[in-house]
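Chains X and R are the protein sequences, given in the same order. The first sequence maps to residues 1 to 220 in my numbering. The second sequence maps to residues 1001 to 1384 in my numbering. Beta carbons: idealized from backbone N, C-alpha and C, even for Gly. Please read all numbers here as calculations on a predicted model, not as lab measurements. Since the structure comes first, as structure tokens, the remarks are kept for the end.
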Amino acid sequence: MAANEGLIVALPKGRILKELRPMLDAVGLIPEAAFDDPDSRALRFATSDPRVSIIRVRSFDVATFVAFGAAHIGVAGNDVLMEFDYPELYAPLDLGIGRCRLSVAEPADLMATDDPRRWSHVRVATKYPHVTSRHFAARGVQAECIKLNGAMELAPGLGLCQRIVDLVSTGSTLKANGLVEIEKIAEITSRLVVNRAAFKTRPHEVGGWVDRFREARNAA
Amino acid sequence: MTDLETRALLPEGLHDDLPPDAEFEAELVARLIGVFAGHGYDRVKPPLIEFEESLLGGPGAAQAPTMFRLMDPVSQRMLAVRSDMTIQVARIATTRLAHVARPLRLCYAGQVLRVKGSQLRAERQFGQAGIELIGGAPEAADVEVLLLAAEAMALLGIAHPALDLTLPTLVPAIAQGLGLDEAATRTAREALDGKDEARLDSLEPGPRALFAALLEAAGPAEEAMPEILALDLPPAARALAEGLAARIAHVRAVMPDIQLTVDPGEYRAHEYHTGFGFTAFARGVRGELGRGGRYLVEAPGGGQTEEATGFTLYVDSLLRALPHPAPAPTLFVPAGTPAETARRLRAEGWRTRAGLVPVADAAAEARRIDCTHWLDGSTPRALT
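Below, the structure written as structure tokens:
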């Protein structure tokens, strides 16, 4: 790899990106027009800074790209960071966007009779098997996790399992599927993440971007 | 699965080194040992396996989860395969070489085995090469070790080496000075280690502001040190920071161009380091090239505890950081060539590869068995 190669910023698709977009303008990281075009099939975009390019990937993959040094900086929710717990990932900045919570939910009728204190084993459908088993293990409950990539809310109704662990923002999806939130695991916000080796070997460049994002967040 | 497939499969994290990589690795280690020996470090060679308890002593405690264990049928005691060589060299220094004058300079190179690969290093077996400097004036010894690590990387031809310096005991010293409880101390330590600002939110506003400033200070040494020293630190923490600043000034005076960064909160894998630790990186190379720092070695039987400092370079990471050389020129010597001719060519520096049976076309045969040259009478000719 050439020493003067450019910096790569990994950004998540979807929900977080919408809130992040004004911040990119504020820090002076203006992507090329194709970035804002929903029909564009491009995955990598130039920016107003010739040394910096942006890649757009799934939010879980942001953490992976940055942890392995394929991208140097990224934005990811701490749900993803908790799930992977990558030691090579630094999260120096809470951007304060993408607010929601990671919660346990179960059908409303089950809740009426359920006593969580008596659990020794639960079966849970989730996108976050690692966080889920760690959460339950901390109270002495063994969690059998069924990994799903979406539409967790369907699982209890169809008998796949009784409980789910998922992101909740307004709670309307849970409600529409007859579920209630019974326990909050963590508050979620989006974080600026940085690859550890990049942070050490390119301190000026990487540190400069962290500072600019910090200013933008404090101004917001 | 065919028989070949079954036999070719190795356990996860283990691999065969093939030509020319195997030779390159051996050469690299020889060059490192040469640099260490040049600075007066004598080589030691501890065994691959030891009693578990000796590998767990002192600085080894942190290695407990990484070691393979087996039962010794002879002594009926538990043995462990080394997962790090520092502990063994420290053991040698405080036992068999306890009577040798300090400062004692030792170097080593060998393979280590770990039960699990890490995120960036899937390898479970890899080479370590390093030095330990036992005793002596702490500041001068640390500076010697830092400079030697930088010199070794430079001599190998690592482009853009970088040393990241840390104070693993700084956060605990601050926490103690502020009277924080154990849980708050752990929170601060984890937050600074992972540069996770949000994790500091559970602390009181005073300590939170101080730790957040420390977290933000991480960066190039010339900017970070003034920022750290400007903070309102408890006396013990201030002494640590001033000690680091003095070491940086010494290293800078000798090597003005080396990239030095300071990360006051880095803690993971520096658990056994006291006072100061460092990690070696190279730009564009994922993961660490090596690690070092100051630590305490306890003498067995309640003897006097000694201070030591040193570093280990990871040979597999160095191999990833360096361009691999072209295969060495090899000369095909057809069958029937007088032994004396081949001997003379080897004395001139050729690698010869002998033909075992006569062949009609020596050049074609040379190409078939991976030679770069063939012997035409008594003249080596390059394959075109």
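Problem - Proximity test, Cβ basis, 9 Å: Leu137 (chain X) and chain R - result: Within the first sequence, the letter at position 137 stands for residue 137 (chain X). For the record, residue 137 (chain X) in the displayed sequence is Ala; it is not Leu. Not one chain R Cβ lies under 9 Å of Ala137 (chain X).
Handout entry: beta strand (DSSP E) runs wholly inside the segment 1152–1199 of chain R, at least 3 long, in chain order
Key = 1161–1166
Practice task
Determine the direct distance from the alpha carbon of Ala1149 (chain R) to that of Phe1036 (chain R), and round the result to whole angstroms.
Solution key: Reading the second sequence from its first residue, position 36 is the one you call residue 1036 (chain R). Reading the second sequence from its first residue, position 149 is the one you call residue 1149 (chain R). Spanning the two alpha carbons is a distance of roughly 9 Å.
Exercise for the section: Give every residue of the same chain whose Cβ lies closer than 7 Å to the Cβ of Arg217 (chain X), excluding the five residues on either side of it in the sequence, and list them in chain order. Expected result: Numbered from its first residue, the first sequence carries residue 217 (chain X) at position 217. Listed in chain order, the non-local C-beta contacts of Arg217 (chain X) below 7 Å within the same chain comprise Leu93, Leu95, Gly96, local neighbours out to five positions each way being set aside.
Problem - Own chain residues within Cβ distance below 8 Å of Pro107 (chain X), not counting five before or after - result: By 1-based counting over the first sequence, the position of residue 107 (chain X) is 107. Once the five neighbours on either side are set aside, the close Cβ partners of Pro107 (chain X) are Pro156, Gly157, Gln162, Gly178, Leu179, Val180.
Exercise for the section: Quick one: list the residues of chain R neighbouring Pro87 (chain X), beta-carbon separation under 7 Å, in chain order. Expected result: Taking the first residue of the first sequence as position 1, residue 87 (chain X) is located at position 87. Those are Gln1119, Arg1268, listed as they occur along chain R.
Exercise for the section: Would you check if there are 3 or more beta carbon pairs closer than 8 Å linking the segment 1287–1298 of chain R to the segment 203–219 of chain X? Expected result: no
Problem - DSSP three-state assignment for Ser120 (chain X), whether helix, strand or coil - result: Taking the first residue of the first sequence as 1, we reach residue 120 (chain X) at position 120. Residue state for Ser120 (chain X) is assigned as coil, using DSSP reduced to three classes.
Practice task
Return the Cβ separation of Gly1218 (chain R) and Asp1263 (chain R) in integer angstroms, given the expectation that the two are a contact with Cβ distance under 8 Å.
Solution key: Residue mapping note: residue 1218 (chain R) aligns to position 218 of the second sequence, counting from 1. Residue mapping note: residue 1263 (chain R) aligns to position 263 of the second sequence, counting from 1. The residue asked about is misnamed: residue 1218 (chain R) is Ala in this sequence, not Gly. Contact flag correct, Cβ pair sits at about 4 Å.
Exercise for the section: Indicate the three-state DSSP secondary structure (helix, strand or coil) for Met1067 (chain R) in the structure shown. Expected result: By 1-based counting over the second sequence, the position of residue 1067 (chain R) is 67. Here Met1067 (chain R) sits in coil by DSSP.
Problem - Of the listed residues R:Ser1202, R:Leu1214, R:Ala1209, nearest to Asp1399 (chain R) (C-alpha basis) - result: As displayed, chain R neither begins before 1001 nor continues past 1384, which places residue 1399 (chain R) out of reach and without an answer.
Exercise for the section: Please work out which residues of its chain come closer than 7 Å, Cβ to Cβ, to Ala46 (chain X), disregarding the five sequence neighbours upstream and downstream, and give them in chain order. Expected result: Mapped onto the first sequence, residue 46 (chain X) falls at position 46. Closer than 7 Å at Cβ, skipping near neighbours: Glu32, Ser53.
Handout entry: Pro142 (chain X) in three-state terms, based on DSSP
Key = As a working mapping, residue 142 (chain X) is identified with position 142 in the first sequence. Sequence inspection shows Gln at residue 142 (chain X); the Pro mentioned does not correspond to that position. In this structure, Gln142 (chain X) counts as strand in the three-state DSSP scheme.
Practice task
Just grab the DSSP bridge partners of Ile54 (chain X) for me.
Solution key: Indexing the first sequence from 1 puts residue 54 (chain X) at position 54. DSSP lists X:Val9, X:Phe45 as partners of Ile54 (chain X).
Handout entry: Nearest residue (CA-CA) to Ala186 (chain X), options X:Leu102, X:Leu17, X:Lys18
Key = Position 186 of the first sequence, counted from the start, is the residue given in the question as residue 186 (chain X). Looking at the Cα atoms, X:Leu102 is the closest of the given residues.
Practice task
May I have the straight-line CA-CA distance separating Ala1360 (chain R) from Lys1116 (chain R), to the nearest angstrom?
Solution key: For the purposes of this step, residue 1360 (chain R) is identified with residue 360 of the second sequence, where counting begins at 1. For the purposes of this step, residue 1116 (chain R) is identified with residue 116 of the second sequence, where counting begins at 1. Going by the C-alpha atoms only, they are around 53 Å apart.
Problem - Distance between beta carbons of Thr1066 (chain R) and Ser1083 (chain R), contact taken as under 8 Å - result: Translated into the one-based positions of the second sequence, residue 1083 (chain R) becomes position 83. Translated into the one-based positions of the second sequence, residue 1066 (chain R) becomes position 66. The pair is a contact, with the Cβ atoms about 4 Å apart (cut-off 8 Å).
Problem - Close beta carbons around Phe1311 (chain R), own chain, < 7 Å, minus the five adjacent residues each side - result: For the purposes of this step, residue 1311 (chain R) is taken as the residue at position 311 of the second sequence. Excluding positions up to five away in sequence, the list reads Gly1130, Ile1131, Val1145, Ala1149, Gly1290, Arg1291, Gly1292.
Practice task
Starting from the Cα of Thr1309 (chain R), find the closest Cα among R:Tyr1272, R:Pro1235, R:Leu1200, R:Arg1351 and give me that residue.
Solution key: Translated into the one-based positions of the second sequence, residue 1309 (chain R) becomes position 309. Looking at R:Tyr1272, R:Pro1235, R:Leu1200, R:Arg1351, the one whose alpha-carbon comes closest to that of Thr1309 (chain R) is R:Tyr1272.
Handout entry: Residue from R:Leu1322, R:Leu1009, R:Ala1326, R:Gly1377 with nearest C-alpha to Ala1342 (chain R)
Key = Within the second sequence, the letter at position 342 stands for residue 1342 (chain R). Measuring from the Cα of Ala1342 (chain R), the nearest candidate turns out to be R:Gly1377.
Exercise for the section: Confirm, please, whether the CB-CB distance from Met82 (chain X) to Ala220 (chain X) is below 9 Å. Expected result: For the purposes of this step, residue 220 (chain X) is identified with residue 220 of the first sequence, where counting begins at 1. For the purposes of this step, residue 82 (chain X) is identified with residue 82 of the first sequence, where counting begins at 1. Not a contact, by the Cβ cut-off of 9 Å.
Problem - Inter-stretch contact (C-beta, 8 Å, three-pair minimum) for the segment 1110–1124 of chain R and the segment 1323–1332 of chain R - result: Judged by Cβ distances under 8 Å, the segment 1110–1124 of chain R makes no contact with the segment 1323–1332 of chain R, as fewer than three pairs qualify.
Practice task
Examine the Cβ distances between the segment 1170–1185 of chain R and the segment 1219–1234 of chain R and report whether three or more of them are shorter than 8 Å.
Solution key: yes
Exercise for the section: Measure how close the beta-carbons of Arg1247 (chain R) and Asp1142 (chain R) come, nearest whole angstrom, since I'm counting them as under 8 Å. Expected result: Within the second sequence, numbered from 1, the residue matching residue 1247 (chain R) stands at position 247. Within the second sequence, numbered from 1, the residue matching residue 1142 (chain R) stands at position 142. Contact holds; Cβ gap of about 5 Å.
Practice task
Please list, in chain order, all residues of the same chain as Leu1014 (chain R) whose beta carbon is under 7 Å from its beta carbon, the five residues on each side excluded.
Solution key: Your numbering for residue 1014 (chain R) matches position 14 in the second sequence. So the list reads Arg1124, Gln1125, once near-sequence residues are dropped.
Exercise for the section: Hey, could you find the ends of the alpha helix (DSSP H) Ala1037 (chain R) is sitting in? Expected result: For this step, residue 1037 (chain R) is matched to residue 37 along the second sequence. Here the alpha helix (DSSP H) through Ala1037 (chain R) covers 1021–1038.
Practice task
Check whether the Cβ of Val149 (chain X) lies closer than 9 Å to any Cβ atom in chain R.
Solution key: As a working note, residue 149 (chain X) is residue 149 in the first sequence. In the sequence as displayed, the identity of residue 149 (chain X) is Asn instead of Val. It does not: the Cβ of Asn149 (chain X) has no partner Cβ on chain R nearer than 9 Å.
Exercise for the section: To the nearest angstrom, report how far apart Glu1151 (chain R) and Val122 (chain X) are at their CA atoms. Expected result: Looking up residue 1151 (chain R) in the second sequence gives position 151. Looking up residue 122 (chain X) in the first sequence gives position 122. If I take the Cα positions, the gap works out to 56 Å.
Handout entry: Proximal chain R residues relative to Gly207 (chain X), where beta-carbon distance stays under 7 Å
Key = Along the first sequence, one-based indexing puts residue 207 (chain X) at 207. Result: Gly1219.
Problem - Proximal residues to Asp1017 (chain R) (C-beta, below 8 Å), its chain only, five neighbours per side dropped - result: As a first step, residue 1017 (chain R) is located in the second sequence; it is residue number 17 there, counting from the start. Cβ within range, chain order: Glu1025.
Practice task
Answer with yes or no whether the minimum CB distance from His1273 (chain R) to chain X is below 9 Å.
Solution key: Position 273 of the second sequence, counted from the start, is the residue given in the question as residue 1273 (chain R). No, His1273 (chain R) lies away from the interface with chain X (no Cβ there is under 9 Å from its Cβ).
Exercise for the section: Spell out whether any CB of chain R is found under 9 Å from the CB atom of Asp221 (chain X). Expected result: The first residue shown for chain X is 1 and the last is 220, placing residue 221 (chain X) beyond what the model contains.
Problem - In DSSP terms, what Gln1259 (chain R) is bridged to - result: Sequence index remark: in the second sequence, residue 1259 (chain R) carries index 259 (1-based). Answer is R:Ala1162, bridged to Gln1259 (chain R).
Exercise for the section: Determine which residues of the segment 1162–1181 of chain R have a Cβ less than 8 Å from any Cβ of chain X, and write them out in chain order. Expected result: Ala1162, Asp1164
Exercise for the section: Could you pull the start and end residues of the alpha helix (DSSP H) that Asp1370 (chain R) belongs to? Expected result: For this step, residue 1370 (chain R) is matched to residue 370 along the second sequence. No alpha helix (DSSP H) contains Asp1370 (chain R), which DSSP labels as neither H nor E.
Handout entry: Residue from R:Ala1230, R:Leu1147, R:Cys1107 with nearest C-alpha to Val1254 (chain R)
Key = Taking the first residue of the second sequence as position 1, residue 1254 (chain R) is located at position 254. With distances taken between Cα atoms, Val1254 (chain R) lies closest to R:Leu1147.
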